[in-house]
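Engineer: Take this structure first; my questions come after.
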Ligand code: TYD
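Right under this line is the structure:
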């Protein structure tokens with residue numbers, strides 16, 4: 049939650065949890081309501097992390113398809129760097145202009161993947177990200193909770209550097225998200241992602257509708 053007038057919604061979960069589909073569906077639904085969705089001057093779209101800016105996309109290539117043996121702190125700093133650029137270039141200006149942003153991953157991915165699953169520590173990874181957030185936090189974060197084995201089976205194509213970590217790593221990521229949901233119950237909503245996509249989408253849209261009304265975006 050920020051003091052800026054727009055609305056920021058993020059989607060989170062293990063690899064293959066279906067959050068990209070849900071983010072797209074929500075984006076379409078919000079556009080259907082006539083809301084200004086996405087970065088100003090760009091077609092309404094979900095914004096993905098890492099990425100969403102030119103610098104962020106280059107950092108993404110390094111993170112997902114770069115050399116093996118990236119040290120855990122290098123990885124955490126690169127995700128934080130891509131996020132700081134996204135906040136400065138896209139998120140803050142859009143929220144200040146009263147727009148609605150749908151993010152496919154944000155801060156909580158770093159807390160669950162680097163903080164929890166890599167074992168760097170959730171609090172220290174949060175501290176690392178905080179200056180780059182410039183006070184911006186999502187108004188609501190939907191964590192799509194699925195069995196990591198189902199998620200990994202859904203991932204298509206050649207696995208990226210993080211997906212190659214395997215099932216045990218994804219299990220720790222899921223535990224990390226669940227702990228975050230328990231720790232920040234006001235912002236994070238754990239959503240059962242094993243149900244049919246239409247059912248999940250309806251629940252998410254209803255929740256966003258309530259928030260929009262409360263915020264009068
Ligand atoms: P992506 O292809 O976007 O995966 P997905 O479609 O599952 O979201 O790749 C992003 C990968 O980066 C994914 O494995 C999660 C990982 N990641 C982190 O480890 N930390 C982070 O802060 C973020 C944003 C992503």
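Residue numbers (our numbering): 49 to 265.
The beta-carbon is built from N, C-alpha and C at its ideal position, and this holds for glycine as well.
The structure displayed is predicted, hence computed values, not measured ones.
Mind listing, in chain order, the residues whose beta carbon lies closer than 5 Å to a non-hydrogen atom of the ligand TYD?
Structural biologist: The filter returns 63, 97, 127, 153, 157, 158, 161 and 210, in chain order.
Engineer: Around the Cβ of residue 164, are there at least 16 other Cβ atoms within 10 angstroms (buried) or fewer (exposed)?
Structural biologist: Residue 164 sits at position 116 when you count from the first residue of the chain shown. So residue 164 counts as buried.
Engineer: Between residue 206 and residue 212, what straight-line distance do the alpha-carbon atoms span, to the nearest angstrom?
Structural biologist: Translated into the one-based positions of the chain shown, residue 206 becomes position 158. Translated into the one-based positions of the chain shown, residue 212 becomes position 164. If you take the alpha carbons of residue 206 and residue 212, they lie about 9 Å apart.
Engineer: Do you know how far the Cα of residue 231 is from the Cα of residue 85?
Structural biologist: Counted from its first residue, the chain shown places residue 85 at position 37. Counted from its first residue, the chain shown places residue 231 at position 183. Going from the Cα of residue 85 to the Cα of residue 231 covers about 29 Å.
Engineer: Output the residue ranges of the alpha helix (DSSP H) runs that lie fully inside the region 120-194 and measure 4 residues or longer, sorted by chain position.
Structural biologist: Listed in chain order, the complete alpha helix (DSSP H) runs (minimum 4 residues) inside the region 120-194 are 120-134, 140-144 and 170-181.
Engineer: Do the CB positions of residue 228 and residue 134 come within less than 8 Å of each other?
Structural biologist: Taking the chain shown and counting its residues from 1, one reaches residue 228 at position 180. Taking the chain shown and counting its residues from 1, one reaches residue 134 at position 86. No; because the gap between Cβ atoms is not below 8 Å, this pair is not in contact.
Engineer: With a 10 Å radius around its C-beta and 16 neighbouring C-beta atoms as the bar for buried, classify residue 64 as buried or exposed.
Structural biologist: Within the chain shown, residue 64 is the residue found at index 16, counting from 1. Label assigned to residue 64: buried.
Engineer: At what residues does the alpha helix (DSSP H) containing residue 247 begin and finish?
Structural biologist: The count along the chain shown starts at 1 and reaches residue 247 at position 199. Segment 245-263, the alpha helix (DSSP H) holding residue 247.
Engineer: Is it buried or exposed for residue 182, if we count other Cβ within 10 angstroms and need 16 for buried?
Structural biologist: Position 134 of the chain shown, counted from the first residue, corresponds to residue 182. Per the 10 Å Cβ criterion, exposed.
Engineer: Can you list, in chain order, the residues of its chain with a C-beta nearer than 8 Å to that of residue 116? Leave out the 5 residues immediately preceding and following it.
Structural biologist: In the chain shown, residue 116 corresponds to position 68, counting from 1. Excluding positions up to five away in sequence, the list reads 209.
Engineer: Counting only runs that start and end within the region 189-241, where is the alpha helix (DSSP H) found for 4 or more residues in a row?
Structural biologist: Whole alpha helix (DSSP H) segments, 4+ residues: 196-202 and 215-231.
Engineer: Just the Cα atoms here: how many angstroms apart are residue 180 and residue 129?
Structural biologist: Here residue 180 is taken as the residue at index 132 of the chain shown, counted from 1. Here residue 129 is taken as the residue at index 81 of the chain shown, counted from 1. Cα to Cα, residue 180 sits roughly 8 Å from residue 129.
Engineer: Considering residue 55, what are the terminal residues of the beta strand (DSSP E) in which it resides?
Structural biologist: Within the chain shown, the letter at position 7 stands for residue 55. Counting along the chain, the beta strand (DSSP E) containing residue 55 begins and ends at 55-60.
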